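Each residue of the sequence shown is one higher than the last, beginning at 1 in UniProt numbering. Don't be surprised by glycine CBs; every beta carbon is placed ideally from N, CA and C. Here the structure is a predicted model, which means the values were calculated and not measured.
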Amino acid sequence: MDYLDTMHQHYYPNENVNTDSKTILYYGLHNQGATCYLNSVLQVFFMTKGFREAVESQEQDNVEQNTFDLQLKCLFETLKKKQAHTKDVTSKLGIEKVFEQGDAAEYFEKILSKVNPDVSKIFQGHLKHTATCSISNRHVNSDEVGPFWTVPLSMEDNNYYYSVRDGFENFFKSSTVSGDNQMYCDYCDGKTDAILACKMEHPPEILTLLLKRFEFDYRRMSYVKNDCCVDVPHTLRTKDCDYELYAVVDHVGSLRGGHYTAKIKSYQNHNWYVFDDSYVTQVCFLVN
Ligand SMILES: [Zn+2]
1 MDYLDTMHQH YYPNENVNTD SKTILYYGLH NQGATCYLNS VLQVFFMTKG
51 FREAVESQEQ DNVEQNTFDL QLKCLFETLK KKQAHTKDVT SKLGIEKVFE
101 QGDAAEYFEK ILSKVNPDVS KIFQGHLKHT ATCSISNRHV NSDEVGPFWT
151 VPLSMEDNNY YYSVRDGFEN FFKSSTVSGD NQMYCDYCDG KTDAILACKM
201 EHPPEILTLL LKRFEFDYRR MSYVKNDCCV DVPHTLRTKD CDYELYAVVD
251 HVGSLRGGHY TAKIKSYQNH NWYVFDDSYV TQVCFLVN
């Protein structure tokens, strides 16, 4: 059970990067201009055992067939042996402006929606959203189950410190809407206060948490990046199962520019690596 959380920084303050080339087993991805957001996400997919195996099991039915799965299969084959280029992947994703910074979370979801469902299912869970009238818990006015790839965690009102564990718990806390936001109750035949709740209907095998560092600031009328420190637990206990952290996609720098890298734990040798475009370095943790 693993989870990926995207876009956080300030997490490994004591890391010491080992540059001994003999210990490095993994290869980087060429940056076409500003495609670090894509490279980071592709390395997470490559380093996810179930995903990689599912991609590798995809067969080409005919020579004309050129699905995104086969593109990934080809990329993964190269990555096992040497540094790889991503031109075929960017063209398949419709990325023309390779010098423009993109959003890692957006492309994470885009890739999952393009591959065969047999390949992407490892990342998919289902959430159940309900709206219940506050008069009676039997007045359930909407009850919808929908698939998700990521659980978005709002970081609003957290300027200095953010706990992923608390944020994840808060995501599933119910809230009451009232006043102008009252909802129509079919049973009461009128507008009433409503209780909105979200439950994990089916937990994904791999849980992906999206830390929403980029939020709209209504005072400044623009997007701003929240740079606060984030506490990411190595084990996240949920009521369904425990998830062990194995990958983090970081964004360092400003909203408009900046740079993405990924820190990923190898399922093959259990070491952590930093994937920074062409460069892959093993991380040594200093234990006090
Ligand atoms: Zn009601």
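Are residue i and residue j closer than 8 Å when you measure CB to CB?
i	j	result
Asn116	Asp277	no
Val249	Gly258	no
Tyr37	Tyr260	yes
Ala104	Val41	yes
Thr35	Val98	yes
Ala262	Gln101	no
Tyr160	Cys241	no
Pro233	Val283	no
Quick one: what's residue i bridged to in DSSP?
i	result
Cys133	Ala194
Pro117	Note: Pro117 sits in no beta bridge, so no partner.
Thr261	Asp250
Asp143	Thr130
residue 316	Nothing about residue 316 can be read from this structure; the chain reaches only from 1 to 288.
Ser154	Lys212
Leu162	Per the sequence presented here, residue 162 reads as Tyr, with Leu not at that position. In DSSP, Tyr162 forms a bridge with Val230.
CB-CB under 7 Å to residue i, same chain, minus the five flanking residues each way: which ones, in chain order?
i	result
Ser120	Leu112
Thr130	Val140, Ser142, Asp143, Ala197
Pro152	Leu210, Lys212
Phe123	Leu112, Trp149, Pro204, Ile206, Thr208
Would you tell me roughly how many angstroms separate the C-alpha atoms of residue i and residue j, rounded to the nearest one?
i	j	result
Cys133	Arg213	33 Å
Asp231	Gln268	26 Å
Met47	His139	46 Å
Pro147	Leu127	6 Å
Ile195	Phe171	14 Å
Ser21	Asn181	Bear in mind that the predicted position of Ser21 carries a pLDDT of just 44, short of 50, making it unreliable; the figure below should be weighed with that in mind. If you take the alpha carbons of Ser21 and Asn181, they lie about 59 Å apart.
Glu53	Leu75	13 Å
Cys188	Ser178	15 Å
Arg237	Ser175	23 Å
Leu93	His85	14 Å
Gly96	Thr90	The residue asked about is misnamed: residue 96 is Glu in this sequence, not Gly. Approximately 7 Å between the Cα atoms of the pair.
Glu244	Lys49	14 Å
Answer with yes or no whether the minimum CB distance from residue i to chain C is below 8 Å.
i	result
Val283	Among the chains in the structure shown there is no chain C, since it carries only a single protein chain.
Below 6 Å CB to CB, which residues in the same chain sit around residue i once its five sequence neighbours on both sides are set aside?
i	result
Tyr27	Leu79, Lys82, Gln83
Excluding five sequence neighbours on each side, which residues of the same chain lie with their C-beta closer than 8 Å to the C-beta of residue i?
i	result
Ser215	As written in the sequence, residue 215 is Glu, which differs from the Ser given in the question. Same-chain partners within the cutoff: Ser154, Met155, Glu156, Tyr223, Val224, Asn226.
Leu70	Gln58, Gln60
Point to revise | In chain order, each beta strand (DSSP E) run of at least 3 residues that lies wholly inside the stretch 171–247 | key: Scanning the stretch 171–247 for uninterrupted beta strand (DSSP E) segments of 3 residues or longer gives 175–177, 183–185, 190–192, 194–202, 206–212, 214–217, 222–225, 229–231, 235–237, listed from N- to C-terminal end.
Practice item. Jot down the residue ranges of each uninterrupted alpha helix (DSSP H) in the stretch 30–59, minimum 4 residues, whole runs only, in chain order. Key: Taken in chain order, the complete alpha helix (DSSP H) segments of 4 or more residues contained in the stretch 30–59 are 36–46, 49–56.
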